[in-house]
Amino acid sequence: MRRVLILGGTAEARALAAELAVRGVHVVSSLAGRVSNPRLPVGEVREGGFGGPDGLAAWLAAERIDTVVDATHPFAARMTASAAQASARTGVPLLVLRRPGWREGPGDAWQRVASLYEAAAWLPSPARVFLTTGRRSLPVFTGLPGVWLLARSVDPPEPPVPDDVHVLLDRGPYTVEGERSLIREHRLDVLVTKDSGGRMTTAKLVAARELGLLVIMVDRPPLPTGVRRVETVEEAAAWAQG
Ligand code: NAP
1 MRRVLILGGT AEARALAAEL AVRGVHVVSS LAGRVSNPRL PVGEVREGGF
51 GGPDGLAAWL AAERIDTVVD ATHPFAARMT ASAAQASART GVPLLVLRRP
101 GWREGPGDAW QRVASLYEAA AWLPSPARVF LTTGRRSLPV FTGLPGVWLL
151 ARSVDPPEPP VPDDVHVLLD RGPYTVEGER SLIREHRLDV LVTKDSGGRM
201 TTAKLVAARE LGLLVIMVDR PPLPTGVRRV ETVEEAAAWA QG
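According to our numbering, the residues represented by the sequence shown are 1 to 242, in order.
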């Protein structure tokens with residue numbers, strides 16, 4: 001039986017695991033193990049880092065993995081780099097499944113930036129900021145003069161949380177109506193987000209457009225050179241099935 005490793009932590013990774021199971025492929029899904037109570041895919045699941053490219057290469061050999069699909073989040077750049085290196089070393093083929101990024105449309109006011117630090121530098125002052133870049137990015141945005149933050153994340157950020165930060169724990173999915181009332185309730189005027197792409201979190205972009213917020217959009221890190229990429233679960237399933 002064909003054995004496929006899916007590097008997961010996304011909705012696409014769960015959909016791919018389900019699709020490959022239907023096609024009779026043995027799937028092992030891997031999660032970083034950082035989110036408490038994660039949504040689990042069907043089939044075998046392992047959790048925790050592999051120990052860099054060497055650890056992953058050894059794991060692929062020990063588990064007799066035929067192919068790897070990296071379906072991690074577009075910002076999980078270390079895992080993707082590690083997968084590319086382990087694939088090159090072992091000869092186990094790698095495919096990256098990456099949903100398309102978001103595009104600015106009519107009525108949007110976006111500022112694209114290359115990093116979280118650049119996003120922080122672009123913040124006006126005073127500003128009431130809707131921050132959706134993840135709990136680990138919070139220190140980049142705290143302590144800026146005149147900046148108040150509504151920081152939404154799945155798990156709580158590391159304490160201490162400064163006074164000018166209001167933490168909202170939520171994992172979605174979100175509705176435009178819900179995002180609109182959040183923006184109004186907290187009188188937010190700037191949205192900071194990573195260009196994650198996908199449909200799960202677009203409601204905030206629609207609400208931001210409607211209510212005239214400035215959107216600071218952090219661009220994705222580039223893929224390692226030479227890595228093959230597809231955008232849909234169907235393409236990845238066809239490739240992984242062999
Ligand atoms: P990262 O910075 O690229 O990864 C850091 C380290 O965590 C990796 O070097 C690897 O450790 C381990 N790791 C990451 N993903 C793993 C996986 N699927 N299975 C096993 N080990 C994994 O990644 P991250 O940004 O912390 O994201 C961690 C996980 O959360 C990913 O699975 C990603 O899909 C998911 N996620 C991330 C974001 C985001 O905004 N970054 C958003 C939603 C979901 P070793 O080097 O020891 O192997």
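We put the beta carbon where it would ideally sit given N, CA and C, even for glycine. Computed from a predicted structure; not experimentally measured.
In the DSSP assignment, find the beta strand (DSSP E) that holds residue i and state where it starts and stops.
i	result
Asp70	Thr67 to Asp70
Glu44	Glu44 to Glu47
Arg229	Arg228 to Val230
Could you name the residues that DSSP lists as bridge partners for residue i?
i	result
Met1	Its beta-bridge partners do not exist; DSSP assigns none.
Phe130	Leu150 and Leu191
Leu116	According to DSSP, Leu116 bridges with nothing at all.
Gln111	Ile216
His166	Leu150
Val253	Here the chain comprises residues numbered 1 to 242, so residue 253 is not present and cannot be evaluated.
Leu94	Val68
Arg99	None, per the DSSP bridge assignment.
Taking buried to mean at least 16 other C-beta atoms within 10 Å of its own C-beta, is residue i buried or exposed?
i	result
Met1	exposed
Glu251	With the chain covering only 1 through 242, there is no way to say anything about residue 251.
Glu12	buried
Gly52	exposed
Leu40	exposed
Arg14	buried
Thr10	buried
Gly24	exposed
Thr132	buried
Ser115	exposed
Gly8	buried
Ala57	buried
Arg76	Sequence check: residue 76 is Ala here, not Arg. Buried, because 16 or more other Cβ atoms sit within 10 Å of the Cβ of Ala76.
Val165	buried
Leu182	buried
Val147	buried
Arg209	buried
Thr225	exposed
Val4	buried
Val22	exposed
Leu169	exposed
Ser125	exposed
What span of residues does the alpha helix (DSSP H) with residue i cover, start to end?
i	result
Arg78	Ala77 to Thr90
Ser181	Val176 to Glu185
Leu144	Here Leu144 belongs to no alpha helix (DSSP H), and DSSP marks it neither H nor E.
Arg64	No alpha helix (DSSP H) holds Arg64; DSSP gives it neither H nor E.
Arg14	Ala11 to Val22
Arg209	Ala203 to Leu211
Val233	Val233 to Gln241
Answer yes or no: does any C-beta atom of chain B fall closer than 9 Å to that of residue i?
i	result
Trp102	Protein chain content of the structure displayed is limited to a single chain, and chain B is not contained in it.
Check your understanding: Counting Cβ pairs closer than 8 Å, one from the stretch 149-161 and one from the stretch 119-138, do we hit at least three?
Key -> yes
Practice item. Please confirm if the stretch 168-185 is in contact with the stretch 202-217, defined as three or more CB-CB distances below 8 Å between the two stretches. Key: yes
Check your understanding: For the stretch 187-198 against the stretch 215-232, are there 3 or more C-beta pairs whose distance is under 8 Å?
Key -> yes
Review point. Do the stretch 68-80 and the stretch 103-111 meet, that is, are 3 or more Cβ pairs less than 8 Å apart?
Key: no
Review point. Any contact of the stretch 89-100 with the stretch 65-72, i.e. 3+ C-beta pairs under 8 Å?
Key: yes
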